Each structure stands twice: as structure tokens, then as C-alpha cells.
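The opening position of the sequence shown corresponds to residue 14 in this note's numbering, with each subsequent residue numbered one higher.
A virtual CB, placed ideally from N, CA and C, is assigned to each residue, including glycine.
Predicted model, so just to flag it, every value in this text is computed and none were measured.
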Amino acid sequence: MGQKARKAGLAFMAAALAVAGAVHGVTRSASADVVAQLSGPQLVAAMGAGWNLGNTLEASTNGIPSETAWGNPAVTQAFIDRVRASGFTTIRIPVSYLGHIGAAPDYTVNAAWLNRIQQVVDYAHGRGLYVLINMHGDGYKSVSGSWLICDASAQTTIREKYQKVWQQVATRFQSYNEHLIFESMNENFDGQYGNPTEPCYSNINAYNQIFVDTVRRTGGTNTSRWLLVPGWNTNIDYTAGSYGFVIPTDQYRSATIPAAEQRLMISVHYYDPWDFTGTEDGTITQWGAAATNPAKKSVWGQEDFLDGQLKKMHDTFVTRGYPVFVGEYGSIDKTTYDSTNNRYRADYARAVVTAARKYGAATAYWDNGWNGQHGFGLFDRSSATVTQQGIIDAIMSGIGGSSPSASPSVSPSASPSVPPSASPSVPAGACRVTSAVSAWNTGLTNSITITNTGATAVNGWRLAFTLAAGQSITSGWSATYSPTSGTVTATNASYNGTLAAGGSATIGYQAGHTGNAAAPTGFTLNGAACN
Numbered sequence: 014m015g016q017k018a019r020k021a022g023l024a025f026m027a028a029a030l031a032v033a034g035a036v037h038g039v040t041r042s043a044s045a046d047v048v049a050q051l052s053g054p055q056l057v058a059a060m061g062a063g064w065n066l067g068n069t070l071e072a073s074t075n076g077i078p079s080e081t082a083w084g085n086p087a088v089t090q091a092f093i094d095r096v097r098a099s100g101f102t103t104i105r106i107p108v109s110y111l112g113h114i115g116a117a118p119d120y121t122v123n124a125a126w127l128n129r130i131q132q133v134v135d136y137a138h139g140r141g142l143y144v145l146i147n148m149h150g151d152g153y154k155s156v157s158g159s160w161l162i163c164d165a166s167a168q169t170t171i172r173e174k175y176q177k178v179w180q181q182v183a184t185r186f187q188s189y190n191e192h193l194i195f196e197s198m199n200e201n202f203d204g205q206y207g208n209p210t211e212p213c214y215s216n217i218n219a220y221n222q223i224f225v226d227t228v229r230r231t232g233g234t235n236t237s238r239w240l241l242v243p244g245w246n247t248n249i250d251y252t253a254g255s256y257g258f259v260i261p262t263d264q265y266r267s268a269t270i271p272a273a274e275q276r277l278m279i280s281v282h283y284y285d286p287w288d289f290t291g292t293e294d295g296t297i298t299q300w301g302a303a304a305t306n307p308a309k310k311s312v313w314g315q316e317d318f319l320d321g322q323l324k325k326m327h328d329t330f331v332t333r334g335y336p337v338f339v340g341e342y343g344s345i346d347k348t349t350y351d352s353t354n355n356r357y358r359a360d361y362a363r364a365v366v367t368a369a370r371k372y373g374a375a376t377a378y379w380d381n382g383w384n385g386q387h388g389f390g391l392f393d394r395s396s397a398t399v400t401q402q403g404i405i406d407a408i409m410s411g412i413g414g415s416s417p418s419a420s421p422s423v424s425p426s427a428s429p430s431v432p433p434s435a436s437p438s439v440p441a442g443a444c445r446v447t448s449a450v451s452a453w454n455t456g457l458t459n460s461i462t463i464t465n466t467g468a469t470a471v472n473g474w475r476l477a478f479t480l481a482a483g484q485s486i487t488s489g490w491s492a493t494y495s496p497t498s499g500t501v502t503a504t505n506a507s508y509n510g511t512l513a514a515g516g517s518a519t520i521g522y523q524a525g526h527t528g529n530a531a532a533p534t535g536f537t538l539n540g541a542a543c544n
């Protein structure tokens with residue numbers, strides 16, 4: 014997001030906070046981690062529900078990054094564990110470098126800052142989550158010390174600096190498995206909210222190409238790692254339309270990647286309509302088909318517009334093998350103006366995630382750590398507790414594939430699961446199950462998609478399967494799992510218990526293993542064997 018909106022509710026605190034960049038040692042090495050390479054659709058399914066650690070490692074004061082500079086506490090393992098326990102399986106970590114970059118020609122990044130970035134990455138990566146890190150505030154004109162400016166005159170110097178910084182970052186993480194994804198930059202544009210201009214867009218394309226080439230040449234897992242690149246200001250129209258975006262070439266990638274597959278993703282953000290999602294007043298507080306007061310609902314940017322925007326990304330990129338990542342979306346808290354606002358915030362989040370899933374895109378909710386008026390926060394980071402369970406439930410509902418016939422005005426918690434004794438029978442072969450395992454040295458995550466291939470809806474389901482010997486589930490999402498080893502039964506959550514004819518639900522779990530990371534076998538849905 015733009016800096017003003019990203020700092021909603023925190024700006025007044027910044028002046029009172031000292032620059033206190035926490036320096037911590039590296040907690041672990043991921044050099045032994047190995048996962049199977051995933052295709053684009055498999056990656057999107059495995060990434061599941063995403064969340065942003067916003068206003069933290071990209072925060073800065075007077076051009077010096079410090080994770081507490083904008084009022085958030087230092088990140089802890091306990092907090093990341095709370096995010097994971099809430100069902101999120103991907104964490105995007107915005108990062109700024111700014112004044113932590115040394116002088117030419119080496120542009121050495123401060124070692125303590127790199128160590129802290131690595132430690133925060135390890136908090137999530139070490140738990141089996143997908144993690145994205147980027148170069149965030151260095152390209153904002155409004156940030157003190159910014160330098161990755163597409164319409165600046167010193168482009169040769171900028172490109173050299175950009176290449177050197179990414180070379181150091183990529184080298185630091187070159188042995189981490191493919192649960193780590195790099196994003197070249199964030200919302201880079203000339204600062205004017207008009208049509209893209211030349212040569213500024215050409216410079217953005219050049220940065221993306223330098224990023225891809227530099228990361229690949231550092232070797233290790235970086236030769237096959239998924240890389241994320243944005244167009245102009247991560248704007249859908251300016252990326253998918255004919256405004257000048259060029260997908261980088263990927264000539265240095267590993268020869269082990271099948272020729273027909275990509276390893277590049279396209280980054281966009283979605284905050285439409287802004288008068289609902291970000292404008293800090295009480296005029297527009299409702300969104301979607303369930304809105305009860307037309308005067309409080311925007312005249313544009315509703316479900317049909319959302320569907321059309323994500324369809325553009327699908328038709329332009331996904332059909333060519335490039336997955337899409339909606340790296341930021343969300344809406345601010347306006348309950349001080351309208352007590353029903355959180356209901357529509359949940360509807361909005363559910364709709365974005367559902368539409369993205371429909372069109373082959375992964376998502377990450379923007380959380381700036383601020384709760385209350387104008388905040389995006391879903392958690393209290395100091396106490397590691399949930400503050401917006403309704404929005405989290407809505408996100409998980411969108412990921413899990415709730416019934417499309419459900420009214421968007423109904424809270425996910427209002428759709429009860431059917432007890433096992435009431436589960437209807439399913440004809441043999443009337444279900445299809447796919448499983449996407451991502452494993453590392455002692456653990457794995459598995460994303461399972463259940464599709465009802467029968468002619469009638471299934472209301473309430475139990476999916477049974479057998480884990481490989483030595484595997485034991487440690488956590489799961491979008492279902493309950495019992496027991497944790499051997500033959501396991503996954504029972505639907507409250508929000509995904511209905512599988513319409515042709516409908517599907519995606520669930521998942523993390524497990525430990527003792528050397529056998531094979532996918533489960535013997536899938537049955539309500540007692541009937543699945544294909």
C-alpha cells in the first residue's frame with residue numbers, strides 16, 4: 014500500500030518512538046530443507062490463506078528501517094505461531110533496506126539487519142509456512158531515503174545498487190527450500206495516479222529483469238525458486254492491460270524445471286473500491302450484495318467488478334502458466350461510524366479470496382498491526398491474540414470453497430457443520446481428491462482438495478485417509494483431524510460443510526515425519542472410496 018494508508022492509526026505514534034532496530038542472532042539454518050517442486054496450480058493451492066506482517070520490517074524513521082518504528086512490537090515466534098494456528102499458511106513479510114545499505118560500489122547491507130530479517134523469516138519458514146519477502150519502502154518517493162525511483166535520472170546507479178542488494182539477500186537465503194518466495198519490489202511507480210509513463214515503466218521492467226537474473230545466478234534453490242514480479246503500482250489494469258508491462262525472461266533457471274512450466278508469479282494488489290476499503294471517514298461503510306443501506310455503499314467496485322478484475326489476470330497470465338498473487342487486499346475498521354461495518358469487511362475478504370481461488374490466484378490480507386478506528390489489524394500483536402475472528406473465518410471460508418449459494422450476509426459461523434452421524438451417503442467414485450505435499454527435512458505440509466463429482470450436494474462430510482508410516486499431524490486448517498497418525502478422519506469446518514454438485518473444498522495440515530514424506534492414501538468421503 015501507499016505509505017499513508019499503510020500507516021493508518023500509527024502515524025501519530027512514530028514521532029514518539031526512538032529508532033530501535035532490534036538485532037538478533039540467526040536461530041536456524043534451512044540448508045538441509047528440501048521440498049518437491051510444485052506447478053503453478055499446485056503452488057496456489059498449497060499457499061492457501063495468506064497474511065501480511067505489515068508495518069514492521071518495512072517500517073523506518075529518517076530513512077533507517079526499524080521494525081518498531083511505526084508502533085508495532087518486535088515480532089516473536091509466539092505471535093507467528095498464533096497466525097499459523099488461525100489457519101494462515103502463507104506470510105508475506107514486507108522489508109525495507111534504505112539506510113541499512115552501504116556505499117558504492119559494494120552497497121553492503123548491514124549484517125545485523127539481514128540477521129533479523131532471516132530470524133523473522135525463520136519464525137514462519139521453520140513452521141512449514143510459505144514466506145514471501147520483498148523490497149518494500151525503497152521505491153516510495155514519500156519515504157525518507159528511498160532510492161528505487163523509476164523516474165529518477167541516475168538509473169545506472171539505481172540498477173547497480175538494486176542488483177547488489179538482491180544478490181546479498183538471495184545469497185543469504187539460497188539454500189532455503191521453495192516455501193520461500195522472493196518479490197522484486199512493491200507498488201513501484203512515479204507517484205502520479207494517472208496512466209503509466211515511459212520511460213518509467215521501462216525502468217520497472219528493467220528492475221524486474223535484473224531481479225530474476227540476479228537471484229537465479231546465486232545458485233542453490235534460487236535456480237528453481239518461485240519469483241514474484243509486479244507491474245506498475247501492482248495495479249491490475251496497468252499490469253494486465255496494454256500499458257507496457259513485460260514479463261521477465263527466465264534464462265538462468267534450473268534445467269530441472271519442465272520446459273512447459275513457469276517459475277514466475279505476477280504480483281497485484283486489490284483495494285477497490287477505495288472509498289470502502291481505505292477512505293478514513295464514515296461515508297461508505299458497507300459493501301456487497303448484502304448491504305442494507307444504499308447510501309453507505311459505493312456505486313462501483315462490487316462483486317461483478319471484482320470478478321472481472323481477477324478474470325483479467327487469469328486470462329492474461331494464469332492461462333499462460335504464470336500464477337497470480339494478490340499480495341495485498343483488505344479494508345479498514347469503520348465501526349465507529351457504522352456498527353455493522355465488520356460484517357461487510359468479512360464479506361469483502363471472503364469475496365476477494367473466493368474470486369482469487371476461482372481464477373487461479375493466491376492472496377494475502379493486508380494487516381498493519383493497528384486495531385480500532387481505521388486499522389487493518391486481525392491480531393493484537395503484543396498479546397498474540399485474535400481481534401477479528403469474523404474476518405479470519407471469512408478468509409478461511411473463501412479458501413475452503415464454501416457453498417456458492419450461501420448468502421454473503423451470513424457469518425461463516427452461522428453455517429453449522431453436520432454431525433458425523435448425520436453425514437449423508439456418497440456413491441462410490443462420486444468424489445475426487447488431489448493431494449499436494451511440500452516436504453522438508455523433518456516435516457511437511459499437505460493441501461488436499463476434495464471435489465464432489467456426484468449429481469447432488471453433500472451436506473456434512475468426513476474425509477478418511479491413511480498417513481504414511483512415521484507421519485503425525487501437528488496442526489491443520491479448514492477441518493478437524495483425528496487421530497493424528499495412522500488412519501485419520503478430517504471432519505468439515507463450520508463454513509465448508511456443504512459440497513455442492515461439482516463443488517470443492519480445500520483443507521490442509523502440517524505433519525512431522527521420520528523420512529517418509531509420501532502423500533496419504535486410501536481416501537474415502539463419508540465411507541465411499543474416492544477416485
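Span separating the alpha-carbon of residue i from that of residue j
i	j	result
Ala-45	Thr-500	At Ala-45, the pLDDT of 35 sits below 50, so the modelled position is not reliable; the number obtained from the coordinates is stated separately. If you take the alpha carbons of Ala-45 and Thr-500, they lie about 29 Å apart.
Val-182	Leu-127	8 Å
Gln-315	Gly-528	48 Å
Leu-277	Ser-352	42 Å
Ser-420	Arg-363	Residue confidence is low: Ser-420 scores 29 on pLDDT, short of 50, so the model does not pin down where it sits. Its coordinate-derived value is still stated next. Answer to the nearest angstrom: the Cα atoms are 12 Å apart.
Thr-502	Leu-51	26 Å
Ser-42	Glu-341	Note on Ser-42: pLDDT 38, under 50, position unreliable in the model; the coordinate value appears next. The straight-line gap from Cα to Cα measures roughly 29 Å.
Arg-185	Ser-197	16 Å
Tyr-153	Ser-73	12 Å
Thr-455	Arg-333	35 Å
Gly-291	Tyr-284	8 Å
Lys-174	Leu-512	52 Å
Gln-401	Glu-211	43 Å
Glu-80	Ile-130	10 Å
Val-439	Ile-461	18 Å
Asp-135	Thr-227	23 Å
Asp-328	Leu-56	18 Å
Secondary structure of residue i, DSSP reduced to three states
i	result
Lys-310	strand
Thr-169	helix
Ala-359	helix
Ser-410	helix
Phe-101	coil
Met-278	strand
Asp-294	coil
Ser-215	helix
Ser-426	Low confidence applies here, because Ser-426 scores a pLDDT of 29, under 50, leaving its location unreliable; read the following figure in that light. Three-state result, Ser-426: helix.
Ala-531	coil
Gln-222	helix
Tyr-284	coil
Gln-299	strand
Asp-151	helix
Supposed contact pair residue j and residue i - C-beta distance, whole angstroms, cut 8 Å
i	j	result
Gly-67	Ser-109	Not quite, the Cβ-Cβ distance comes to about 12 Å (not below 8 Å), so this is no contact.
Thr-534	Thr-458	At roughly 17 Å, the Cβ-Cβ gap does not stay under 8 Å, so Thr-534 and Thr-458 are not in contact.
Tyr-372	Gly-343	That pair is no contact at about 19 Å.
Gly-63	Thr-103	4 Å
Gly-403	Arg-370	About 19 Å; that fails the 8 Å criterion.
Val-339	His-282	7 Å
Gly-413	Ala-518	5 Å
Paired residues, beta bridge with residue i - DSSP
i	result
Glu-196	Leu-241
Ala-524	Leu-457, Ile-486
Ala-62	Thr-376
Leu-476	Ala-503, Leu-538
Val-337	Ile-279, Ala-374
Pro-78	Ser-73
Ser-495	Thr-502
Thr-231	For Thr-231, which the question treats as bridged, DSSP gives no partner whatsoever.
Val-471	Leu-512
Asp-119	Bridge partners of Asp-119: none, in fact.
Run of the alpha helix (DSSP H) containing residue i, from where it starts to where it stops
i	result
His-327	316-329
Leu-127	124-138
Gln-401	It is not in any alpha helix (DSSP H) - Gln-401 carries neither H nor E in the DSSP assignment.
Trp-287	287-290
Ile-249	249-253
Residue i - containing beta strand (DSSP E), residue span
i	result
Asn-544	Here Asn-544 belongs to no beta strand (DSSP E), and DSSP marks it neither H nor E.
Thr-487	485-490
Thr-464	456-465
Tyr-378	374-378
Ile-345	Here Ile-345 belongs to no beta strand (DSSP E), and DSSP marks it neither H nor E.
Thr-447	444-452
Ile-146	143-146
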